[in-house]
Amino acid sequence: MVPEGRRLFGGMSVEDNLELGAFCPRARATRRQSLDLVFGLFPDLHARRRQTVRALSGGQQQMVAVGRALMASPRLLMLDEPSLGIAPQLVRAILDALVEINRAGVAIFLVEQNVRAALGLAHRAYILEGGRVAGEGSGAALLEDAHVRRAYLGPLAAGR
Amino acid sequence: MTLLAQQILLGLLLGGLYGLAAAGLSLVFGVLRVLNVAHGELIMLGGYGAFWLFALLGLDPFASLLVVIPGSLLLGAVLYLGLFGFVVRAAEETRIKNSLLVGFGLALSLHALAVRLWTADDRSITTDYGGAVITLGNLTIPVIRLLSLLVALALIVGLHLLLARWRWGKAIRAAAEDWQAALLSGIDVRRAYLLAFAIGTALAGAAGTLVSVGYSVSPSIGLEWTFKALIVVVLAGLGSMLGTFVAGLFVGVAEAVSAATFGGPYREVVGLVIFLVVLVLRPQGLFGRTR
Chain Y
1041 MVPEGRRLFG GMSVEDNLEL GAFCPRARAT RRQSLDLVFG LFPDLHARRR
1091 QTVRALSGGQ QQMVAVGRAL MASPRLLMLD EPSLGIAPQL VRAILDALVE
1141 INRAGVAIFL VEQNVRAALG LAHRAYILEG GRVAGEGSGA ALLEDAHVRR
1191 AYLGPLAAGR
Chain F
-11 MTLLAQQILL GLLLGGLYGL AAAGLSLVFG VLRVLNVAHG ELIMLGGYGA
39 FWLFALLGLD PFASLLVVIP GSLLLGAVLY LGLFGFVVRA AEETRIKNSL
89 LVGFGLALSL HALAVRLWTA DDRSITTDYG GAVITLGNLT IPVIRLLSLL
139 VALALIVGLH LLLARWRWGK AIRAAAEDWQ AALLSGIDVR RAYLLAFAIG
189 TALAGAAGTL VSVGYSVSPS IGLEWTFKAL IVVVLAGLGS MLGTFVAGLF
239 VGVAEAVSAA TFGGPYREVV GLVIFLVVLV LRPQGLFGRT R
């Protein structure tokens, strides 16, 4: 689970935050492998593992948040708005990491307002409008959907 | 001049105990967001524990720490499970209020219990090395108080390492920063609270032991120690145990200096002045984390 706003332990080091992600006994058993996996996905974090989380940029903090969730060796990873308030190139890095995590066999449940990016990744997507499901289908299909293009991707995309 | 230096030295030695007393209060306040106003009474109990171990069994007060600390840990666990565990279930805003009620109730009960069991007399431990001093130029250093300061420092450093390195120590810090996020990460927050409260009580017990050997205990010392600890906590801010210890030394010295320059009665005033000045100028304390 990666909550909105990340909710990291800001006064503690990157390493401590990750370790705390693997606190429960089941996750603890595999924490070495999990740690290697996280540092493999986000090499930046390895270089900064002793730094206080508060000193990192928003994007790097988001990587720590995703990493902390991965440390629990989840079968389902839930993310709430991971692109919120993060530099665009880092959003890319995080989304790429999600694809990789997914390829490794972890199901991903992503809530995201960055529609183009989210639909580009999703195997299956639901559009929520005012609390109701306004559309569903594969991410690729929804990207082509006229309503979605008009409402979320702007007039240029709609007219094309 | 020598007199002032001597006073400052004694203030420093006493300040170490303030630091130790405050560390326990700070830990509980910082982690559980609960203000345990019975902290001084827990110190008092620790003092009596050491006193009776000495009076009945002839156990050296510094050796009795090995009994008092585990005993206080256990007492802390019982108090958490029986009282404060219910307080932390409340929403964070109501926790403080409820903890004040529970804490005052506990303080009054423990005070009354101590009077009934052990009378209201002042007691202190007099060991055969009790009068020993080290002379340093014009200064005399009471050996016992110096030993107490060193023990207090060792306990604080131990606590710091425990919180920095131990798995549950990290869990305690995580729960202090953001208990909901800690819960989301699979940390047993209640257990972290229990541990923090038990450790806080153990620190109080250790402080009490040192008080009974260098100074004296009576059933009524509790409030005074809660006060001193609170002043130190406000001065230091939450989140740094080493900072709390340094703040304790500072308050001890400040008291000594004001007593030496303005006369004995002003000893108590300076702490309150520090309290007010810090609250006005730097509410997060000298070493506190900002939020």
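In order, the protein sequence lines correspond to chains Y and F.
Numbering-wise (the numbering used here), the first sequence opens with residue 1041 and increments by one.
Numbering-wise (the numbering used here), the second sequence opens with residue -11 and increments by one.
Even for Gly, the Cβ is constructed at its ideal location relative to N, Cα and C.
The structure displayed is predicted, hence computed values, not measured ones.
Practice task
Compare the C-beta of Gly231/F against all C-beta atoms of chain Y and say whether one is closer than 7 Å.
Solution key: no
Problem - Simplified DSSP state of Leu1193/Y, which is helix, strand or coil - result: coil
Practice task
Using 10 angstroms around the beta-carbon of Asp1056/Y, count the other beta-carbons present and answer buried if the total reaches 16, otherwise exposed.
Solution key: buried
Problem - Spatial neighbours of Ala65/F in its chain, beta-carbon cut-off 7 Å, leaving aside the 5 residues before and after - result: Leu182, Ala186
Practice task
Report the three-state DSSP secondary structure of Thr189/F (helix, strand or coil).
Solution key: helix
Exercise for the section: Identify whether Phe1111/Y lies in helix, strand or coil by the three-state DSSP scheme. Expected result: According to the sequence shown, residue 1111/Y is Met rather than Phe. Reduced to three states, the DSSP call for Met1111/Y is coil.
Problem - Proximity of Ile132/F and Phe39/F at Cβ, strictly below 7 Å - result: no
Practice task
Could you spell out the range, first to last residue, of the alpha helix (DSSP H) harbouring Ala1137/Y?
Solution key: 1128 to 1143
Handout entry: Contact the segment 9 to 17 of chain F vs the segment 208 to 221 of chain F: 3+ CB pairs below 8 Å
Key = yes
Exercise for the section: Name the residue from His1187/Y, Ala1144/Y, Ala1137/Y whose alpha carbon lies nearest to the alpha carbon of Val1155/Y. Expected result: His1187/Y
Handout entry: Segment limits, alpha helix (DSSP H) that includes Met32/F
Key = 27 to 45
Exercise for the section: Return no unless some Cβ of chain F is closer than 7 Å to the Cβ of Arg1047/Y. Expected result: yes
Exercise for the section: Check Arg1172/Y in the structure and name its three-state DSSP category. Expected result: strand
Problem - Same chain, Cβ closer than 6 Å to Gly236/F, five either side skipped, listed in chain order - result: Gly3, Tyr6, Gly7, Ala10, Val220
Practice task
Would you mind reading off the limits of the alpha helix (DSSP H) that contains Pro58/F?
Solution key: 49 to 67
Exercise for the section: Pull up the distance between the alpha-carbon of Leu1135/Y and that of Leu269/F, whole angstroms please. Expected result: 45 Å
Practice task
Let me know the alpha helix (DSSP H) ranges lying completely inside the segment 125 to 172 of chain F, each 4 residues or longer, listed in chain order.
Solution key: 131 to 153, 155 to 165, 167 to 172
Practice task
Give the secondary structure of Ser246/F by DSSP, where H, G and I count as helix, E and B as strand, and everything else as coil.
Solution key: helix
Practice task
Report the rounded CA-to-CA distance for Ser1053/Y versus Gly251/F, giving the unit in angstroms.
Solution key: 48 Å
Practice task
Mind checking the segment 175 to 194 of chain F against chain Y and listing, in chain order, the residues whose C-beta falls within less than 7 Å of any C-beta there?
Solution key: Ile175
Exercise for the section: State yes or no: is the beta carbon of Ala163/F nearer than 7 Å to at least one beta carbon in chain Y? Expected result: no
Problem - Neighbourhood of Ala1198/Y by C-beta, 6 Å cutoff - its chain only, sequence neighbours within 5 removed - result: In this predicted model, Ala1198/Y has a pLDDT of only 49, less than 50, meaning its place in the structure is not dependable; the value taken from the coordinates is given anyway. Arg1189, Arg1190.
Exercise for the section: Tell whether a beta-carbon distance below 7 Å holds between Val139/F and Thr128/F. Expected result: no
Practice task
In the DSSP assignment, find the unbroken alpha helix (DSSP H) run with Ile(-4)/F in it and report its ends.
Solution key: -10 to 20
Handout entry: Residues near Glu1044/Y in its chain [Cβ-Cβ closer than 6 Å; skip 5 each side]
Key = Asp1120, Glu1121
Practice task
Please compile the residues from chain Y whose C-beta is within a distance smaller than 8 Å of the C-beta of Ser246/F.
Solution key: Ordered by position in chain Y, no residue passes the 8 Å Cβ test against Ser246/F, which lies about 34 Å from the chain.
Practice task
Let me know if Ser1178/Y comes out buried or exposed under the rule of 16 or more other beta-carbons within 10 Å of its beta-carbon.
Solution key: exposed
Problem - Positions along the segment 1051 to 1063 of chain Y whose CB lies within less than 9 Å of some CB in chain F - result: Gly1051, Met1052, Asp1056, Asn1057, Glu1059, Leu1060, Gly1061, Ala1062, Phe1063
Problem - Exposure of Lys85/F, with buried meaning 16 or more beta-carbon neighbours within 10 Å - result: exposed
Handout entry: Under 7 Å by beta carbon: chain A residues contacting Met1103/Y
Key = Absent here is chain A; the protein component of the structure consists of chains Y and F.
Problem - CB of Phe233/F within 7 Å of CB of Ile144/F, strictly - result: yes
Practice task
Inspect the CB distances between the segment 87 to 98 of chain F and the segment 55 to 65 of chain F and report whether three or more fall short of 8 Å.
Solution key: no
Practice task
Please confirm if Ser14/F has its CB atom under 7 Å from at least one CB of chain Y.
Solution key: no
Problem - Contacts that Ala43/F makes with chain Y (C-beta to C-beta distance below 8 Å) - result: The contacting residues do not exist; Ala43/F stays about 45 Å from chain Y at best.
Problem - Below-7 Å beta-carbon distance, Ala224/F vs any chain Y residue - result: no
Exercise for the section: Would you tell me roughly how many angstroms separate the C-alpha atoms of Arg279/F and Pro271/F, rounded to the nearest one? Expected result: Caution is warranted here: a pLDDT of 45 is assigned to Arg279/F, below 50, making its placement in the model unreliable, and the coordinate value is therefore given only provisionally. Taking the straight line joining both Cα atoms gives about 11 Å.
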